[in-house]
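*Asks:* Handing you a structure now.
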DNA sequence: ACTGATGCTTGAAGAGGTCAAGTGTCGTGT
DNA sequence: ACACGACACTTGACCTCTTCAAGCATCAGT
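Residue numbers (the numbering used here), protein chains in the order written: chain Z, 103 to 231; chain A, 103 to 231.
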C-alpha cells in the first residue's frame, strides 16, 4: 500500500487519491446514491437536485442545470416532478421576471436531510480500522 | 473540522466518513465517471462494466450483472455493445455450456487502463494540502 | 429419460435525458 | 418610445438506457 517513497508532492497526492478512490469504489459507495434514491422513491437525478439546493436559499433553474451538468429542459422536468411531490416550490425574483427560482419546502428540507443522513451513514469497512 | 472529541469509535468513523464524503462531493468527483465516459464515447454503464472486468480473467455474464446491480438482460446488452466495439469477447466455459463468459480484448484492457488513469488523475484540491 | 432449475438471450415497454423550437422578458441602440 | 437581439424557462419530439416478461438451451436430480 503506497509504501514507495514519493518522488514529489504531486505523486504523493496521486497515490493518496488512488487509494482513497479504490476504497470508495470497493466500499459500495459508488451506488449509494442509487440505493438511497430507491428507498425514498426518487431518482438519482432528483436526489442530486435536492442536494444542490440549500434550505431557505432559492436558486434559479438555470443555475441548477449548470450544477447538475445537464440540459435546462431536464432541470425543468426535474423541478416539475419535485414540485408535484411537494418537495420544492417555484418562485420569481423581482429584478428579472424571466428567471424562475426553486426553493425547498419544509418537506423538501426534511427529505434532503434524510438523504444526507443515509449517504453519510454506512462507513461499513471503516469501522474495522 | 471534527474538532469535537469523539464519544466512541463509531462516531469517529462517522465523522471521518462525513468529511471524506463531503470532500468527494465538492471535488467534482461525483460525476467524474460521466465525464470520462463521454470522453471515451461510452456510457457510464459500459465504463462500470469495464472496471468490473480484469485482464485475462473471463467472467460469466451473470456475475457481471450481479456486480453491476442490474438486470441480466441489461448485462447482455452492455456486453453486446462492448463486443461491437471490440473491447470484449465472449467465450464459453467447458464445464457448463450455459454460461457465456466475457473477457477483455487487448483493446479493452487498454481502454480500461485509460479509464482508470483518468479517474485517478485529478486530485485538484488535494494538491493544495 | 423426464422434470425442474439455471444461465443467457430476445422483444416489448417504461423511465430518464438531450435536442430543437416556442413564449415571455430584459437590455440596448435608434 | 420602439424595435431588435439576447436571455431564461418551458414545451414537445426523439433517443438511449434500463427493466419486465417470455423463450431457448443446458444442467442436475430422480
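Here a beta-carbon is modelled for each residue, glycine too, at the ideal position from N, C-alpha and C.
Does any residue of chain A bring its CB to less than 8 Å from the CB of residue 120/Z?
*Replies:* yes
*Asks:* Tell me which residue opens and which closes the beta strand (DSSP E) that residue 198/Z is part of.
*Replies:* 198-206
*Asks:* Determine the closest residue to residue 186/Z out of 156/Z, 148/Z, 158/Z, with distance taken between C-alpha atoms.
*Replies:* 148/Z
*Asks:* Tell whether a beta-carbon distance below 8 Å holds between residue 152/A and residue 210/A.
*Replies:* yes
*Asks:* Only counting the same chain, and skipping five residues up and downstream in sequence, which positions put a Cβ closer than 7 Å to that of residue 134/Z?
*Replies:* Excluding positions up to five away in sequence, the list reads 221.
*Asks:* I need the straight-line Cα distance from residue 218/Z to residue 154/A, nearest angstrom please.
*Replies:* 28 Å
*Asks:* Alpha carbon to alpha carbon, how far is residue 150/A from residue 170/A?
*Replies:* 7 Å
*Asks:* When you compare only the Cα positions, how much space is there between residue 172/Z and residue 176/A?
*Replies:* 24 Å
*Asks:* For a quick check, are the C-beta atoms of residue 162/A and residue 207/A less than 8 Å apart?
*Replies:* Not a contact, by the Cβ cut-off of 8 Å.
*Asks:* Ordered along the chain, which non-local residues of its own chain (more than five positions away) have a Cβ less than 8 Å from that of residue 156/A?
*Replies:* 206
*Asks:* Cβ closer than 9 Å: which chain Z residues qualify as neighbours of residue 171/A?
*Replies:* 133, 136, 137
*Asks:* Residue 221/Z versus chain A: which residues are under 7 Å apart at the beta carbon?
*Replies:* For the C-beta of residue 221/Z, the chain A residues within less than 7 Å are, from N- to C-terminus, 123.
*Asks:* Since residue 199/Z and residue 181/Z should fall inside the 8 Å C-beta cutoff, what is the C-beta to C-beta distance between them, to a whole number of angstroms?
*Replies:* Not quite, the Cβ-Cβ distance comes to about 17 Å (not below 8 Å), so this is no contact.
*Asks:* From which residue to which residue does the alpha helix (DSSP H) around residue 147/A run?
*Replies:* 146-154
*Asks:* In terms of DSSP beta bridges, what is residue 159/Z paired with?
*Replies:* 156/Z
*Asks:* Apply the 10 Å Cβ neighbour rule to residue 215/A and answer buried if 16 or more other Cβ atoms are within range, or exposed otherwise.
*Replies:* exposed
*Asks:* Helix, strand or coil: which one does DSSP assign to residue 191/A?
*Replies:* strand
*Asks:* For chain Z, is any of its Cβ atoms less than 8 Å away from the one on residue 104/A?
*Replies:* Any reading at residue 104/A must be qualified, since the residue scores a pLDDT of 47, below 50, and its modelled position is unreliable; the value itself is stated next. Taking Cβ atoms only, chain Z never reaches closer than 8 Å to residue 104/A, which makes this a no.
*Asks:* Can you tell me the Cβ-Cβ gap for residue 126/Z and residue 132/Z, rounded? I've got them flagged as a contact below 8 Å.
*Replies:* 7 Å
*Asks:* Taking its Cβ as the centre, do 16 or more other Cβ atoms sit within 10 Å of residue 184/A, making it buried, or is it exposed?
*Replies:* buried
*Asks:* Could you pull the start and end residues of the alpha helix (DSSP H) that residue 121/Z belongs to?
*Replies:* 111-128
*Asks:* What does the alpha-carbon distance come out to for the pair residue 130/Z and residue 197/Z?
*Replies:* Going from the Cα of residue 130/Z to the Cα of residue 197/Z covers about 46 Å.
*Asks:* What residues in its chain sit with their C-beta under 7 Å from that of residue 138/A, if we drop five residues either side in the sequence?
*Replies:* Excluding residues up to 5 positions away in sequence, 149, 217, 220, 221 lie with their Cβ nearer than 7 Å to the Cβ of residue 138/A in the same chain.
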